[in-house]
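Counting from 8, one number per residue, gives the positions in the sequence shown under our numbering. We put the CB at the ideal spot given by N, CA and C, even for glycine. As the structure is a prediction and not an experimental result, all values here were calculated from the model.
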Amino acid sequence: MCCVQLGLAASIGLADQLGPEGVAWLRLVWAAVIIVAVSRPWRAPFSPAVLRTCVLLGIATAGMTMLFMAAVVRLPLGTTSALEFLGPLYVAVLRGRGTARWWALVAAAGVVALTEPWQGGTDPLGILFALGAAACWAAYIVLTQRAGDAVAGLHALGISMPVAAVVSTIAVGPSILGHLNWQLLLVGAGLALLLPVVPFSLELLALRRLPASAFGTLMSLEPAIAVMIGLSVLGQVPRVSALIGIVLVIVAGIGVTVEANGPNVRAARNNTEGPGRAAGESPVIVSTERESR
């Protein structure tokens, strides 16, 4: 999460030269080159269904990257990250049980505090872009888990990242090429490693071991990290209402996590008291692995 937010903070500075869409395009193109070189996806067998999933994952990745960059140049980093976090939170709420879905109301209150619709000072286009990125992130989580379950290693990213690069090239590439130089290309390569290559690769490996709901909600501290990075790196001092909104979104994420994991933890404890435990029925171990990431 720190890697993601530092990469975004660095990208904001580069956006002054290339625009937010140019930075997103440059990161995705370099990410595709690096991921393909590392994963060598041609060595993995892809069924037509898995290939379609990887293509859809690439489209979601491009949308998430480009929409977030378009939002973060209009809104503070912490606010944008909190709004985007509604994507995985939505996935978790839909897959939750019992009272877990009530936490959506807490998240909604957080959104109201973040955007302050009664004042009209928040950029509405930035909010729309951030919510669009949230929708793409929700799709990304579901598709990444599906692809990771079917293909070993990072091969799924070896297909989805080039697709994301092609999508972004079609969308904005022609308007960016004339502004590039060797210095910007090298900076773009560094940004691609910081975001999305390293965090996306780790997320793919994590999602192969975790349910989508646990993955989404256990990242609930990311908006808080975004606020700290925005304050320390970009000098963005959050408003009190924005801090309240971010806290509400984080609390909603933690609440859904507790609701989702509670029955699993009790079941795991009951199993340990019995004669044995079947493989794959170890949510406590899974949670420990997630916390040590």
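Taking 8 Å as the cut-off, decide whether the C-beta atoms of residue i and residue j are in contact.
{"i": "T7", "j": "A78", "result": "Lying outside 8 to 300, the shown extent of the chain, residue 7 is not represented and no answer is given."}
{"i": "S175", "j": "W32", "result": "yes"}
{"i": "A38", "j": "A178", "result": "no"}
{"i": "T60", "j": "L161", "result": "no"}
{"i": "I166", "j": "G237", "result": "no"}
{"i": "E28", "j": "M73", "result": "yes"}
{"i": "L25", "j": "I183", "result": "yes"}
{"i": "V158", "j": "A51", "result": "yes"}
{"i": "M168", "j": "T68", "result": "yes"}
{"i": "D156", "j": "R215", "result": "yes"}
{"i": "I253", "j": "V234", "result": "yes"}
{"i": "L209", "j": "S46", "result": "no"}
How should residue i be labelled, buried or exposed, when 16 other C-beta atoms within 10 angstroms of its C-beta is the threshold for buried?
{"i": "V204", "result": "buried"}
{"i": "R3", "result": "Absent from the structure is residue 3, since the part of the chain shown begins at 8 and ends at 300."}
{"i": "V80", "result": "buried"}
{"i": "A44", "result": "exposed"}
{"i": "G197", "result": "exposed"}
{"i": "P48", "result": "buried"}
{"i": "A171", "result": "buried"}
{"i": "G94", "result": "buried"}
{"i": "L84", "result": "buried"}
{"i": "G128", "result": "exposed"}
{"i": "A56", "result": "exposed"}
{"i": "G185", "result": "exposed"}
Give me, in chain order, the residues of the same chain whose beta-carbon lies closer than 7 Å to that of residue i; leave out the 5 immediate sequence neighbours on both sides.
{"i": "E91", "result": "F75, A137, A140, A141 and W144"}
{"i": "G287", "result": "Any reading at G287 needs caution, since the residue's pLDDT is 33, under 50, leaving its predicted position unreliable; the model's value is listed next. Same-chain partners within the cutoff: there are none."}
{"i": "Y147", "result": "L64, A67, T68 and M71"}
Shorter than 7 Å, the distance from the beta carbon of residue i to the closest heavy atom of the ligand HEM, or not?
{"i": "S54", "result": "In the structure on display, the ligand HEM does not appear, and there are no ligands present to speak of."}
Note down the Cα distance separating residue i from residue j, rounded to an integer number of angstroms.
{"i": "N301", "j": "A111", "result": "Here the chain covers residues 8 to 300 and nothing more, so residue 301 does not appear."}
{"i": "L191", "j": "G262", "result": "43 Å"}
{"i": "L82", "j": "V244", "result": "12 Å"}
{"i": "C9", "j": "E229", "result": "8 Å"}
{"i": "L21", "j": "V30", "result": "7 Å"}
{"i": "V293", "j": "R153", "result": "The pLDDT assigned to V293 is 29, lower than 50, so where the model puts this residue is not dependable, and the model offers no usable value."}
{"i": "R246", "j": "L121", "result": "9 Å"}
{"i": "F53", "j": "L217", "result": "22 Å"}
{"i": "N96", "j": "A259", "result": "Inspection of the sequence shows that residue 96 is occupied by Leu rather than by Asn. Taking the straight line from one Cα to the other gives about 8 Å."}
{"i": "V194", "j": "V36", "result": "13 Å"}
{"i": "V265", "j": "L58", "result": "35 Å"}
{"i": "G242", "j": "V113", "result": "28 Å"}
{"i": "L101", "j": "L63", "result": "21 Å"}
What residues in its chain sit with their C-beta under 6 Å from that of residue i, if we drop five residues either side in the sequence?
{"i": "A301", "result": "Beyond the ends of the chain as shown, which are 8 and 300, falls residue 301; an answer cannot be given."}
{"i": "L202", "result": "V11 and G14"}
{"i": "I134", "result": "T122"}
{"i": "V240", "result": "A16"}
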